[in-house]
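As structure tokens, the structure follows; a few thoughts come after it.
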Amino acid sequence: MSDQPATAKKGLAHDLAPGLYLVATPIGAARDITLRALDILAGADAIAAEDTRTTRKLMEIHEVAVAGRPLLAYHDHSKDSARTRVLRLIEEGKSVAYVSEAGTPLVADPGYQLARAAIAEGLPVTTAPGASAAIAALCLSGLPSDRFLFAGFAPQSRAALKSWVAELAPIRATLILYESPRRIHKLLDVLADGLGGDRRIAICRELTKHFEEVLRGSIDDLRDRIADRTLKGEIVVVIDKGDAVETDAETLDDALRQALVGQSVKDAAAMVAAATGLPKRQVYQAALQLSRQEDEK
Numbered sequence: 245m246s247d248q249p250a251t252a253k254k255g256l257a258h259d260l261a262p263g264l265y266l267v268a269t270p271i272g273a274a275r276d277i278t279l280r281a282l283d284i285l286a287g288a289d290a291i292a293a294e295d296t297r298t299t300r301k302l303m304e305i306h307e308v309a310v311a312g313r314p315l316l317a318y319h320d321h322s323k324d325s326a327r328t329r330v331l332r333l334i335e336e337g338k339s340v341a342y343v344s345e346a347g348t349p350l351v352a353d354p355g356y357q358l359a360r361a362a363i364a365e366g367l368p369v370t371t372a373p374g375a376s377a378a379i380a381a382l383c384l385s386g387l388p389s390d391r392f393l394f395a396g397f398a399p400q401s402r403a404a405l406k407s408w409v410a411e412l413a414p415i416r417a418t419l420i421l422y423e424s425p426r427r428i429h430k431l432l433d434v435l436a437d438g439l440g441g442d443r444r445i446a447i448c449r450e451l452t453k454h455f456e457e458v459l460r461g462s463i464d465d466l467r468d469r470i471a472d473r474t475l476k477g478e479i480v481v482v483i484d485k486g487d488a489v490e491t492d493a494e495t496l497d498d499a500l501r502q503a504l505v506g507q508s509v510k511d512a513a514a515m516v517a518a519a520t521g522l523p524k525r526q527v528y529q530a531a532l533q534l535s536r537q538e539d540e541k
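When we follow the numbering used here, the leftmost residue of the sequence shown carries the number 245, and every step to the right adds one.
As structure tokens, this is what we get:
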């Protein structure tokens, strides 16, 4: 992370209204932070952070003092008591800024449960948008950006990874996913089998950092190009849109039956329509009919 402070004038932070403030932070270069984010960090009554050390360093770079305010750890291993403490502060009329270790909170980040709990209790929640590795990679990939799906982290086991890729294969949207450098070679093998080696992808590494690198080409091409390399740093993989899949009535019904398990008719129909490329109205009508048949049993 660059140690150059932003050029914002100090002393501009205003008193913040009570609530939870979801504050995006840089994914690499420290100057990739908004002036509003700095105002919130300077003015919040308390700060909750996925990594308090990273947050403290970021604040030091931009000369934002903690000044005796609570700096609370909130991460994947935090207990319910940590979430409750944040919510109680807001209920007491305090403003709390939540920051992830890097990037936009709630995107592959433990802040989801915190924000959801605050919303459920009717507490004010707002956001100071900013850096996001997923969006940065999409911009650099050269792949279609009119419709995209953030798929999160790829599963670790090969069996789970194969099933996951099979579910993503027919989706007619650019796919964005995160992967560890230790597993990138395995991912490319599974992608080649599940999507076809000629599908276009981009491997984006160390975005906004000194060793930023973007590799573009087909899956087979990139698999060969990095076969003998040990990649380092955080990786975002962007995958070109899939082609529409020819779907007969029986296949559509099977897909809908699976999607209807644990989902509403509307959500199940939307998911299957996106995967098959069939008209939404047609799929919704089929889902509605199946749902009624199940209710009559």
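Here a beta-carbon is modelled for each residue, glycine too, at the ideal position from N, C-alpha and C.
Asked, Found
"Rounded straight-line distance, which links the Cα of residue 294 to that of residue 354", "8 Å"
"Exposure of residue 554, with buried meaning 16 or more beta-carbon neighbours within 10 Å", "Outside the shown range of the chain (245 to 541) lies residue 554, about which nothing can therefore be said."
"Residue 270 burial status per 10 Å Cβ neighbour count (16 or more: buried)", "buried"
"Whole-angstrom C-beta distance between residue 439 and residue 409, which should lie under 8 Å", "7 Å"
"Outcome for residue 325 when other beta-carbon atoms lying within 10 angstroms are tallied against a minimum of 16", "exposed"
"Whole-angstrom C-beta distance between residue 402 and residue 434, which should lie under 8 Å", "7 Å"
"Beta carbon of residue 467 nearer than 8 Å to that of residue 432", "yes"
"Residues that DSSP places opposite residue 548 in a beta bridge", "Because the chain in this structure spans residues 245 to 541, residue 548 falls outside the shown range and cannot be described."
"Whole-angstrom distance between residue 501 and residue 494, CA atom to CA atom", "11 Å"
"3 or more residues per run - each beta strand (DSSP E) lying fully within the segment 434 to 473", "444 to 449, 457 to 462"
"For residue 442, the nearest candidate out of 483, 417, 506 (CA to CA)", "483"
"Short Cβ contact (8 Å threshold) for residue 300 with residue 316", "no"
"Residue 508 in three-state terms, based on DSSP", "coil"
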